[in-house]
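In UniProt numbering, the protein residues as written are 1 to 195. Beta carbons are placed, not taken as given, at the ideal position from N, Cα and C, and that holds for glycine. What follows is a single structure, written as structure tokens, with notes after it.
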């Protein structure tokens, strides 16, 4: 008898990320929406993109601040949604985010490896902090003001802010992509665990 050898090609990361999004349930979408709104309020109020009585801004908002602010909020909200455990997917398969019925801190075989979660979380956090620097007033930022002075913040820091915005979106986008792609990847269990 001849043995039938089959090769299963893994899905590319982009398709895995889209598959993970399609398997999200209402709970994950809800948490993502609430988180995006929270990030938008936190960034918008503290950088005075949303006018408020608590903070003031010496330099006017520039037009590119709004798209960076909104995109960062949406990406960060979706990133938070990847940390929420969903219910069972159609057909009884575990939904992205781990196995159904497991505890949130479980290290199940369906959860992404811990080092990937830590790395993507750090990228997302760095993206959020850079977005705050990018859309904030250059002379209201105490760190830039201390390091460069008032004229230095306007001369040197303000022109760099659009690039900080791009880098922040890239970091947050990569973190989201990695989290989504790893939610549907099947990790290989160590040989000792299989025996």
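For the 8 Å CB-CB criterion, residue 27 and residue 124 do not form a contact. The residue from 127, 143, 40 with its alpha-carbon nearest to that of residue 70 is 40. Contact holds between the segment 46-58 and the segment 134-141, because three or more Cβ pairs, one in each stretch, are under 8 Å apart.
The three-state secondary structure of residue 178, taken from DSSP, is helix.
Taken in chain order, the whole alpha helix (DSSP H) runs of length 4 or more contained in the segment 14-102 are 26-46, 65-81. Beyond the five residues adjoining it in sequence on each side, residue 171 comes within less than 6 Å, by CB distance, of 123, 126, 127 in the same chain, given in chain order.
The alpha-carbon separation between residue 150 and residue 157 amounts to approximately 10 Å. A check of alpha carbon separations from residue 44 across 29, 65, 31 identifies 65 as the nearest.
Counting only the Cα atoms, residue 18 lies some 8 Å from residue 181. Cα atoms of residue 152 and residue 146: separation of roughly 10 Å, rounded to the nearest angstrom.
Put simply, the backbone Cα of residue 154 is about 45 Å away from that of residue 22.
Within the same chain, Cβ atoms closer than 7 Å to the Cβ of residue 58 are found at 137, 139, 140, the five residues on either side in sequence being excluded. In terms of Cα proximity to residue 30, the closest of 173, 164, 83, 183 is 83.
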